[in-house]
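Number of protein chains: 2
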Amino acid sequence: MCHTVSVTRARWTSETTPLPPHALAWLSTRIGLGTPLDEVPVTVPESALSEDAFEALEAVAEISLDAGDRLGRAGGLSYLDLIKRRGCGELTIPDAVVLPSSPEEVQEVLRVCVEHDIAVVPFGGGTSVVGGVEALRGGKDAVIALDLARLNRLVSIDPVSRIAVLQAGTTAPDAENLLAEHGFTLGHVPQSFERATIGGFAATRSAGQASSGYGRFEDMVEGVRVQTPAGEWRLGSAPASAAGPDLQQLVIGSEGLFGVITEVALRVRPKPENPVYEGVVVDGWEAGTALIRDLAQRNALADVTRLSDVDETEVALALTGGRKAELLGKYLRFRGVEQPCLVIFGWEGRSRDVTMGATYGHKLVRLGRAMGESWRHGRFNGPRQRDALLDAGVCAETLETATHWSKLPALYDAVRGALKGALGDPVVMCHVSHAYETGASLYFTVLVPRDVEDPVTQWQQAKAAACEAISGIGTITHHHAVGRDHAPYLEAEIGSLGVEVLRALKSTFDPTGILNPGKLM
Amino acid sequence: MCHTVSVTRARWTSETTPLPPHALAWLSTRIGLGTPLDEVPVTVPESALSEDAFEALEAVAEISLDAGDRLGRAGGLSYLDLIKRRGCGELTIPDAVVLPSSPEEVQEVLRVCVEHDIAVVPFGGGTSVVGGVEALRGGKDAVIALDLARLNRLVSIDPVSRIAVLQAGTTAPDAENLLAEHGFTLGHVPQSFERATIGGFAATRSAGQASSGYGRFEDMVEGVRVQTPAGEWRLGSAPASAAGPDLQQLVIGSEGLFGVITEVALRVRPKPENPVYEGVVVDGWEAGTALIRDLAQRNALADVTRLSDVDETEVALALTGGRKAELLGKYLRFRGVEQPCLVIFGWEGRSRDVTMGATYGHKLVRLGRAMGESWRHGRFNGPRQRDALLDAGVCAETLETATHWSKLPALYDAVRGALKGALGDPVVMCHVSHAYETGASLYFTVLVPRDVEDPVTQWQQAKAAACEAISGIGTITHHHAVGRDHAPYLEAEIGSLGVEVLRALKSTFDPTGILNPGKLM
Chain A
1 MCHTVSVTRA RWTSETTPLP PHALAWLSTR IGLGTPLDEV PVTVPESALS EDAFEALEAV
61 AEISLDAGDR LGRAGGLSYL DLIKRRGCGE LTIPDAVVLP SSPEEVQEVL RVCVEHDIAV
121 VPFGGGTSVV GGVEALRGGK DAVIALDLAR LNRLVSIDPV SRIAVLQAGT TAPDAENLLA
181 EHGFTLGHVP QSFERATIGG FAATRSAGQA SSGYGRFEDM VEGVRVQTPA GEWRLGSAPA
241 SAAGPDLQQL VIGSEGLFGV ITEVALRVRP KPENPVYEGV VVDGWEAGTA LIRDLAQRNA
301 LADVTRLSDV DETEVALALT GGRKAELLGK YLRFRGVEQP CLVIFGWEGR SRDVTMGATY
361 GHKLVRLGRA MGESWRHGRF NGPRQRDALL DAGVCAETLE TATHWSKLPA LYDAVRGALK
421 GALGDPVVMC HVSHAYETGA SLYFTVLVPR DVEDPVTQWQ QAKAAACEAI SGIGTITHHH
481 AVGRDHAPYL EAEIGSLGVE VLRALKSTFD PTGILNPGKL M
Chain B
1 MCHTVSVTRA RWTSETTPLP PHALAWLSTR IGLGTPLDEV PVTVPESALS EDAFEALEAV
61 AEISLDAGDR LGRAGGLSYL DLIKRRGCGE LTIPDAVVLP SSPEEVQEVL RVCVEHDIAV
121 VPFGGGTSVV GGVEALRGGK DAVIALDLAR LNRLVSIDPV SRIAVLQAGT TAPDAENLLA
181 EHGFTLGHVP QSFERATIGG FAATRSAGQA SSGYGRFEDM VEGVRVQTPA GEWRLGSAPA
241 SAAGPDLQQL VIGSEGLFGV ITEVALRVRP KPENPVYEGV VVDGWEAGTA LIRDLAQRNA
301 LADVTRLSDV DETEVALALT GGRKAELLGK YLRFRGVEQP CLVIFGWEGR SRDVTMGATY
361 GHKLVRLGRA MGESWRHGRF NGPRQRDALL DAGVCAETLE TATHWSKLPA LYDAVRGALK
421 GALGDPVVMC HVSHAYETGA SLYFTVLVPR DVEDPVTQWQ QAKAAACEAI SGIGTITHHH
481 AVGRDHAPYL EAEIGSLGVE VLRALKSTFD PTGILNPGKL M
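These protein sequence lines are chains A and B, in that order.
Okay, so the first sequence: first residue is 1 according to the UniProt record's numbering, each after it adds one.
Okay, so the second sequence: first residue is 1 according to the UniProt record's numbering, each after it adds one.
Take a look at the structure:
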């Protein structure tokens, strides 16, 4: 028996932030609004889980076959996921949602799934934008979503070593609240912050908006506990070690293929007081990247450092709204800025004076704290506005990469060229979101009227063009992970031997191949 | 036919730095001098390499069967290695020394060794202190030392991204000279600096004396080129990536078991001008570790930060010599210091002002730059003095570990207790050599009169006691690697699943098991 469910939006995007009128007006002028993609009720098929398997699972953990629960774990938040929920392309819907409440229960669930040969998709916040949590069966008869929402405790905290052990299903806001009770913060704030989980950050090698200051997620991980079909695995006895290869780095970025991360030991820091965010403008993309490179190589990056290119700056300034936008434009012309590139700097705490000093030793136009605060307050809105953009008939997609400084201009040109070639006259905006001594990431946002006939092919062609442009110049992903969408490009990056290594690891941890099929490899 | 070779010392220790008279006098008073272990001529057996294999190797790379050449690659520089060269215990001597001059030649040598089923020990500077380059055969009929000395070029330099590609056989001083021509430095200065190689640093997850400032070796690695029996493997396209697990971390620390590292892309920094080194004294080990922890957690560590415990400080001050030592003692008593712990701070360049400011905000007694410079100038002497200590009948050994801050006192007590329990009344000295936000390393030096009857058992019992004390509190090695000596303790640290992972990787890269048998696992 099939069930028809009318609530089609993903949990997160159901809290849509509407587009302000001046944003709609700007879109209408710049690219034209498309035909809205209407919401349609989704048909949820009968669960394929056998009665035996259901009973065996029910004996070890909470389980739901409810159509709404299952639909809620049907993929993530990529553009493809969003339009699938509106009838374009087929949703992959898990046959059941299993909600264990402890690492031991996770281990038991895996045992049952091996016994009954059921595919398992570990599910955290469901914020993947690369098809990382699609409920693929990989040749098995049924697939469950293993939702870690109930593993949401602070297991322990060591204030001397500044290490907190958090369960994997803890969301980032919950983690921050739990840590704040002890005066600490994790400082990991990707755009998915509101929904994403500790386990998801680890499984995808996440980087956050403040990663210049707090480090990438892997820099914070001091230890992991993982349940695998081959048994439990715990790692992490020291801040650094020379005891062979760093095996923890196999767990971080494993995207649920080798095991289910259930606990993560994390380096925490004292919660900073009075963070300062400022907006500045530099003249031109080249000057902007040179500024960021100089700061990165002098160890003087602000905790948050984000440089927008001319196109993204134009949009950002336009969206500050009417009169204000006009005045800002006038001021920048008065200051002789021909190609404004906006930079947001955020100083959260450590070494603020030094890095601020180094920053303002450069030639730049300060726009003050209001601009910085405005960015800061809106910084998690992007994902919530994507359904609103779909309502306006607009395809909005993001993609990201990274490379060494000397190759950054080539990478920037190649990706922009590929997107423009594939999509006609889209808006392509870019910013440097993360900088390192040796290179930086590039984060692209594309806006284009949705192709009414075949939006799936429109997306696929643009995605393929961008990925091919990236391949050979930079990494296929700097912080979104591989999932299903980037899997075809992984071998070019890690070599055929690299793929063989992943296969050997897969056989070791998950010999019957139940875990997250169709991702990464 | 066997050859008798009379030059028995390892290459490095043949440049022995003699012990100054006041050091001998101090040793004599403190532990008593032992019976010198005389040097004896070593018998080098006939090479077991078959004629076929010799011819096949000769066709692809330079090869030597010379007894002196082979003896020169017979193990590393542990205490066991040194006494083996003086007739205590059996030396493992390779059947040939092969010296390829390019990555392609290395690949060819591996092909020949797979064909002829010959074991291969990759050999860099030969400075392993954990049995990492012992010429074990692992069941094969013959073993070669694959000496990378001729792979010593700077392959390329990218001054914008600040990345240099160096061949693996380049020694650290040669690397610094090559980089200095372009105004750069690597800044990696372990005590093995004078002999150790780039490939060895990568293969062993090395950390240097300035790693607080420059990072551990793995922090500097941007890419690797590895020749494996399964083919060439290249990694490293971006400063950071979320494209699955970080496979580069499998190469770093692989200790020659998976492949031969032939090139390493490294992050370099501008060569600093006018480094400043200072010595200070804090009152007590607890105050000292609290100081280092505070600086580490405030991101204010000097590039070199080294805290000695009371015992090591006593020795260091005693060895400054007669009148000077006396005056120093008086001065510290005048300043009210009851338990002097010496700290060496070295500021090489980046952010010097900040970190100096933070440091001198603490309560400590400054001894000035002369003390810092004196440490700096003698900092590579240790390894060269070990043969001189053997001449004086003294067993000198070092070992190291790391753990999180909250467990550091327990680790310190456990290792000291174990060494004292095993050795009677040795001198046990300790310093914190590397500090992190979440913990630190401990580096122990032991001096004890050599057991005349059975020095091998004396060493083995002390080593086992120390390793068992470490296991469960910290990592079995912070920067010396696993080699042969730490292999029995690896499973306790990485779990049985971790060992299975290493086995699976070994099968993938080196299915016939020719590479560096008997190490790591």
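Note that the Cβ used here is the ideal one computed from N, Cα and C, for glycine as well.
Nearest to residue 187(A) by CA position, among 210(A), 514(A), 84(A), 281(A), is which residue?
As a working mapping, residue 187(A) is identified with position 187 in the first sequence. It is 210(A).
Straight-line gap, residue 514(A) to residue 496(B) (C-alpha atoms, nearest Å):
Position 514 of the first sequence, counting from 1, holds the residue named residue 514(A). Position 496 of the second sequence, counting from 1, holds the residue named residue 496(B). C-alpha separation (whole angstroms): 21 angstroms.
Between which two residues does the beta strand (DSSP E) carrying residue 227(B) extend?
One-based indexing of the second sequence puts residue 227(B) at position 227. Run containing residue 227(B): 221-228, per the beta strand (DSSP E) assignment.
In whole angstroms, what separates the C-alpha of residue 47(B) from that of residue 113(B)?
Indexing the second sequence from 1 puts residue 47(B) at position 47. Indexing the second sequence from 1 puts residue 113(B) at position 113. Rounded to whole angstroms, residue 47(B) to residue 113(B) spans 15 angstroms at the Cα level.
Examine the Cβ distances between the segment 153-168 of chain A and the segment 404-420 of chain B and report whether three or more of them are shorter than 8 angstroms.
yes
Can you check the segment 302-347 of chain A for any alpha helix (DSSP H) of at least 4 residues that lies completely inside it and give the ranges in chain order?
310-318, 322-334
Quick check: the Cα distance between residue 34(A) and residue 412(A), rounded to an integer number of angstroms?
The residue you call residue 34(A) lines up with position 34 of the first sequence. The residue you call residue 412(A) lines up with position 412 of the first sequence. C-alpha separation (whole angstroms): 27 angstroms.
Which one or two residues does DSSP pair with residue 64(B) in a beta bridge?
Locating residue 64(B) in the second sequence gives position 64, where the first residue counts as 1. Paired residues: 97(B).
Which of the three DSSP states is assigned to residue 113(A) in this structure?
For the purposes of this step, residue 113(A) is identified with residue 113 of the first sequence, where counting begins at 1. Note: residue 113(A) maps to helix in three-state DSSP.
Assigned secondary structure, residue 54(B) (DSSP; H/G/I helix, E/B strand, else coil):
By one-based count along the second sequence, residue 54(B) stands at place 54. It is helical.
Simplified DSSP assignment, three categories, for residue 356(A)
For this step, residue 356(A) is matched to residue 356 along the first sequence. Helix, per DSSP.
Of the choices 286(B), 144(B), 473(B), whose alpha-carbon is the least far from that of residue 338(B)?
Here residue 338(B) is taken as the residue at index 338 of the second sequence, counted from 1. That would be 286(B), whose Cα lies nearest to the Cα of residue 338(B).
Same chain, Cβ closer than 6 angstroms to residue 452(B), five either side skipped, listed in chain order:
One-based indexing of the second sequence puts residue 452(B) at position 452. If we look at residue 452(B) and ignore the five residues flanking it on each side, its Cβ neighbours are 35.
Which residues does DSSP list as the beta-bridge partners of residue 270(B)?
Here residue 270(B) refers to the residue found at position 270 of the second sequence. In the DSSP output, where bridge partners are listed per residue, residue 270(B) has 184(B).
Just to check my reading of the structure: residue 519(A) and residue 257(A) have Cβ atoms closer than 8 angstroms, yes? What is that Cβ distance to the nearest angstrom?
Here the question's residue 519(A) lines up with position 519 in the first sequence. Here the question's residue 257(A) lines up with position 257 in the first sequence. With 8 angstroms as the limit, residue 519(A) and residue 257(A) qualify as a contact, their Cβ atoms being about 6 angstroms apart.
Is residue 480(A) close to chain B, meaning its C-beta is less than 9 angstroms from at least one C-beta of that chain?
Stepping through the first sequence from its first residue, residue 480(A) is reached at position 480. Closer than 9 angstroms to some Cβ of chain B, the Cβ of residue 480(A) qualifies, so yes.
Paired residues, beta bridge with residue 429(B) - DSSP
Residue mapping note: residue 429(B) aligns to position 429 of the second sequence, counting from 1. Answer is 445(B), bridged to residue 429(B).
Can you tell me whether residue 480(A) is buried or exposed? The criterion is at least 16 other CB atoms within 10 Å of its CB, across all chains shown.
For the purposes of this step, residue 480(A) is taken as residue 480 along the first sequence, with counting starting at 1. Label assigned to residue 480(A): buried.
Would you tell me roughly how many angstroms separate the C-alpha atoms of residue 73(B) and residue 200(B), rounded to the nearest one?
If you number the second sequence from 1, residue 73(B) lands on position 73. If you number the second sequence from 1, residue 200(B) lands on position 200. Computed Cα separation, rounded: 14 angstroms.
For residue 63(A) and chain B, any beta-carbon pair shorter than 9 angstroms?
Stepping through the first sequence from its first residue, residue 63(A) is reached at position 63. Residue 63(A) does not count as touching chain B.
What's the C-alpha gap between residue 125(B) and residue 198(A)?
Taking the second sequence and counting its residues from 1, one reaches residue 125(B) at position 125. Taking the first sequence and counting its residues from 1, one reaches residue 198(A) at position 198. Each residue's alpha carbon lies about 42 angstroms from the other.
Residue 360(B) at chain A interface by Cβ criterion, 9 angstroms
To locate residue 360(B), count along the second sequence from 1; it is residue 360. Output row for residue 360(B): interface = no.
From residue 63(B) to residue 190(A), what does the alpha carbon distance come to, in whole angstroms?
Numbered from 1 along the second sequence, position 63 holds the residue referred to as residue 63(B). Numbered from 1 along the first sequence, position 190 holds the residue referred to as residue 190(A). Residue 63(B) and residue 190(A): Cα-Cα distance of roughly 55 angstroms.
Can you tell me whether DSSP reads residue 486(B) as helix, strand or coil?
Taking the first residue of the second sequence as position 1, residue 486(B) is located at position 486. Coil, per DSSP.
For residue 253(B), name the three-state secondary structure that DSSP assigns.
Start at 1 with the first residue of the second sequence, and residue 253(B) comes out as number 253. Reduced to three states, the DSSP call for residue 253(B) is coil.
Backbone CA spacing between residue 280(A) and residue 365(A) [nearest angstrom]:
In the first sequence, residue 280(A) corresponds to position 280, counting from 1. In the first sequence, residue 365(A) corresponds to position 365, counting from 1. In a straight line, the C-alpha of residue 280(A) is about 5 angstroms away from that of residue 365(A).
If I follow the unbroken beta strand (DSSP E) through residue 146(B), where does it start and stop?
Residue numbering aside, residue 146(B) sits at position 146 when the second sequence is read from its first letter. It spans 143-147 - the beta strand (DSSP E) in which residue 146(B) sits, taken as one unbroken run.
Contact set between residue 107(B) and chain A, taken where Cβ atoms lie within less than 7 angstroms:
On the second sequence, position 107 is the one that residue 107(B) refers to. Per Cβ cutoff of 7 angstroms: no residues; residue 107(B) is ~13 angstroms from chain A at best.
Residue 95(B) versus 447(B), 426(B), 137(B), residue with shortest Cα-Cα distance
Within the second sequence, numbered from 1, the residue matching residue 95(B) stands at position 95. When only C-alpha atoms are compared, the closest one is 137(B).
Any residues in the segment 144-163 of chain A with a beta carbon nearer than 7 angstroms to a beta carbon of chain B? Which ones, in chain order?
158, 160, 161, 162, 163
Is the shortest distance between the beta-carbon of residue 246(B) and the beta-carbons of chain A less than 9 angstroms?
Residue numbering aside, residue 246(B) sits at position 246 when the second sequence is read from its first letter. Yes, its Cβ sits closer than 9 angstroms to a Cβ of chain A.
Along the beta strand (DSSP E) that carries residue 167(A), what are the first and last residues, could you check?
Taking the first sequence and counting its residues from 1, the one referred to as residue 167(A) is at position 167. 163-167 is the span of the beta strand (DSSP E), which, as asked, contains residue 167(A).
Residue 40(B) versus residue 76(B) - alpha carbon distance
Numbered from 1 along the second sequence, position 40 holds the residue referred to as residue 40(B). Numbered from 1 along the second sequence, position 76 holds the residue referred to as residue 76(B). Near 18 angstroms, if we compare the C-alpha coordinates of residue 76(B) and residue 40(B).
For the alpha helix (DSSP H) containing residue 387(A), list its first residue and its last residue.
Walking along the first sequence from the start, residue 387(A) turns up at place 387. Run containing residue 387(A): 386-391, per the alpha helix (DSSP H) assignment.
Measure from the alpha carbon of residue 278(B) to the alpha carbon of each residue in 261(B), 119(B), 372(B), 52(B), then state which is nearest.
Within the second sequence, the letter at position 278 stands for residue 278(B). Among 261(B), 119(B), 372(B), 52(B), the Cα nearest to that of residue 278(B) belongs to 372(B).
Listed from N- to C-terminal order along the chain, which residues in the segment 494-508 of chain B have their beta-carbon within a distance smaller than 9 angstroms of any beta-carbon of chain A?
494, 495, 496, 497, 498, 500, 501, 502, 503, 504, 505, 507, 508
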